[in-house]
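Line order of the protein sequences matches chains X and R.
Residues in the first sequence are numbered from 0 upward in steps of one, following numbering that gives the first Met the number 0.
Residues in the second sequence are numbered from 0 upward in steps of one, following numbering that gives the first Met the number 0.
Number of protein chains: 2
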Amino acid sequence: MYRPRDTRRAVLSGEITSDLRNYTVDAQHIGHAFAALHGLGVTDLQALIAVMHGERRGEPITPGRLGEQLNLSSGSVTALVDRLERTGHIRRDRDTADRRKVFLRYADEGARVAVEFFRPLGARTDVVMERFTDDELEVVHRFMRMMVESMRDHRDAVRAARNPAE
Amino acid sequence: MYRPRDTRRAVLSGEITSDLRNYTVDAQHIGHAFAALHGLGVTDLQALIAVMHGERRGEPITPGRLGEQLNLSSGSVTALVDRLERTGHIRRDRDTADRRKVFLRYADEGARVAVEFFRPLGARTDVVMERFTDDELEVVHRFMRMMVESMRDHRDAVRAARNPAE
DNA sequence: GTCGAGTATCTCGATGGCCGAGATTATCGA
DNA sequence: TCGATAATCTCGGCCATCGAGATACTCGAC
């Protein structure tokens, strides 16, 4: 069936947009179901993931930065960290250099949950990626990188519209 | 700099995973900031988007399906719809065939907000897509489609682990 | 070295979204 | 007509979240 060039592009564009939306919605569903399965709130799981990412990168996350990532006030972060510390998922670690700071590290229980969350996800991702060549994955990466950059700009624009004085 | 084939793949894989995570996090930030800018909760904006999608597809969404999408109990959905109806964003519409059902349609205020949310996003997306050929976008779409399918399977698996009796 | 401004975290009271069991209204098949 | 099922709504209770103020610490200026 014939389809003019513009139309093909327009359809593709819409499909990809739809893909991205479906991906985020499904990701939220997985988070919700997994959290409930482990007796956690959705926020708690997100926090656990953020803590893990911090350690992986060699820069443990602080409560302040955690609050920014999760869109939480300082009070909520304290309560959140208290919860996760009480259940043995993470622990607080005072910085020796700047003793105002607190580093969040995952404890045994947190590492266990994180692995259980990411391993099957990684396995599924690998299966998908096997069906693409290096060059194709390069294209995907280039696309996603640009999308993220664009989204981040937009995020900053919306935030600026909210607090014009900053 | 030389890099063996396996390593290149491993790096690419990790980068793309990271891209996807960054994308979802940034999308949440945008939703949060935009919602606050319009005096809405995050859930309310998500609901508005879901309602709009339903109308676009010609199948208006019902409170029940809205609750599934947002992971909300029936009681929360009623409160949510009440809020949005009171503020003039959406309205309830009884189905004439099956009068148990309620269709959710957006009212003037809802349409206005939805457009204001999506237009700048669409503009930014277009800019990114202009820098890719049709074939490249086709690759991206194929990748995302497979990822979504895989995520959905995983979601169902996690949900099944939670309620083994269903 | 000490004062003040700035930064990071925590405390605490109030609020409001959310859950979940039960009630209500409607459809459908026997 | 009746029972089973489905979709939505009501209501009481809970808990995560907000936000202003308190606390603890750092750092530069004088």
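Ideal placement from N, C-alpha and C gives every residue a C-beta, glycine not left out.
Rank R:Ala156, R:Glu58, R:Arg56, R:Ala49 by C-alpha distance to the C-alpha of Leu83 (chain R) and give the top, closest one. For Leu83 (chain R), the closest C-alpha among the options R:Ala156, R:Glu58, R:Arg56, R:Ala49 is that of R:Ala49.
Can you check whether the C-beta of Ala9 (chain R) is within less than 8 Å of a C-beta belonging to chain X? Answer no: the Cβ-Cβ gap between Ala9 (chain R) and chain X never drops below 8 Å.
Chain-ordered chain X contacts of Leu39 (chain R) [CB-CB under 9 Å]: Within 9 Å Cβ-Cβ: nothing; Leu39 (chain R) doesn't reach chain X, min ~13 Å.
Residues in the region 113-125 of chain R having any Cβ partner in chain X nearer than 9 Å: Hits within the stretch, in order: Pro119, Leu120, Gly121, Arg123, Thr124, Asp125.
Return the residue from the list X:Arg8, X:Ser12, X:Asp5, X:Asp18 that minimises the CA-CA distance to Gly121 (chain R). Residue X:Ser12 is the option with its Cα nearest to Gly121 (chain R).
Can Val127 (chain R) and Met146 (chain X) be called in contact, C-beta distance under 8 Å? The Cβ atoms of Val127 (chain R) and Met146 (chain X) sit closer than 8 Å to each other.
To the nearest whole angstrom, what separates the beta carbons of Pro62 (chain X) and Val80 (chain X), a pair I think is in contact under 8 Å? Sure, about 6 Å apart at Cβ, within 8 Å.
Limits of the alpha helix (DSSP H) - the one that Arg93 (chain X) falls within: Here Arg93 (chain X) belongs to no alpha helix (DSSP H); instead the beta strand (DSSP E) covers 89-93.
Kindly list the residues whose CB is nearer than 7 Å to the CB of Arg90 (chain X), restricted to its own chain and excluding five residues on each side of it in sequence; keep chain order. If you ignore the 5 residues before and after Arg90 (chain X), its C-beta comes within less than 7 Å of the C-beta of Glu84, Arg104, Ala106, all in its own chain and listed in chain order.
Please tell me whether, using a cut-off of 7 Å, the distance from the CB of Val101 (chain X) to the nearest non-hydrogen atom of the ligand NAD is below it. Looking at this structure, you won't find the ligand NAD or any other ligand, since it has none at all.
With three or more C-beta pairs closer than 8 Å as the rule, is the region 69-77 of chain X touching the region 32-41 of chain X? Because the criterion of three Cβ pairs below 8 Å is not met, the region 32-41 of chain X and the region 69-77 of chain X do not touch.
Could I get the ranges of all uninterrupted beta strand (DSSP E) runs contained in the region 91-151 of chain X, with 3 residues as the minimum, in chain order? Listed in chain order, the complete beta strand (DSSP E) runs (minimum 3 residues) inside the region 91-151 of chain X are 101-105.
Suppose contacts are defined by Cβ-Cβ distances below 8 Å. Is Met150 (chain R) in contact with Ala113 (chain X) by that definition? The Cβ atoms of Met150 (chain R) and Ala113 (chain X) lie no closer than 8 Å to each other.
If I measure Cβ to Cβ from Thr42 (chain R) and keep anything under 7 Å in the same chain, skipping five residues before and after, which residues do I get? For Thr42 (chain R), where only same-chain residues beyond five positions count, the Cβ hits under 7 Å are Leu69, Leu79.
Closest by C-alpha distance to Glu108 (chain R), when choosing among R:Asp152, R:Leu44, R:Arg56: When C-alpha distances from Glu108 (chain R) are compared across R:Asp152, R:Leu44, R:Arg56, the shortest belongs to R:Leu44.
What does the Cβ neighbour count give for Thr23 (chain R), buried or exposed, with the cut at 16 atoms within 10 Å? By the 10 Å Cβ count, Thr23 (chain R) comes out buried.
Beta-carbon contacts of Arg55 (chain R) that lie in its chain and below 7 Å, excluding the five residues immediately before and after: Sequence-distant partners of Arg55 (chain R) (beyond 5 residues in either direction) whose C-beta falls short of 7 Å from its own C-beta are missing from its chain.
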